[in-house]
Amino acid sequence: MTPPIETGEDIERTISVIKSAIMKAGALSEDLVESIKAELREAKPDVVCDFLNKLARECPAAVEHFTNSERAENPIL
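The sequence shown maps to residues 529 to 605 in our numbering.
Now the structure itself:
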């Protein structure tokens, strides 16, 4: 499990992990995605929003792993 996502530095670290995983394997592992989702479920809404916005800017292809348009009221699944 990844450390809690609570600060801007945590967001940066998590996005760095995501980008590194994509560069190394060409994709995100389901285990990594589920681990990050679990941390995001525990995060404050503003942290989740900041994470998704920054991820969309830095690694747009990864956003789909962390959102679900069918449940817009709770995008983290």
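C-beta atoms are modelled at their ideal positions from N, C-alpha and C, and glycine is treated no differently.
Computed from a predicted model, the values in this text were never measured in an experiment.
One alpha carbon belongs to Lys552, the other to Lys572, and they sit about 30 Å apart. C-alpha of Lys547 to C-alpha of Glu558: approximately 15 Å in a straight line. Between Leu568 and Ile543, the C-beta gap is not smaller than 8 Å, which leaves the two residues out of contact.
Taking all protein chains in view, the Cβ of Ala590 is crowded by 16 or more other Cβ atoms within 10 Å, so the residue is classified as buried.
For Glu537, the secondary structure class from DSSP, reduced to helix, strand or coil, is helix. DSSP, reduced to helix, strand and coil, places Thr542 within a helical segment of the structure shown.
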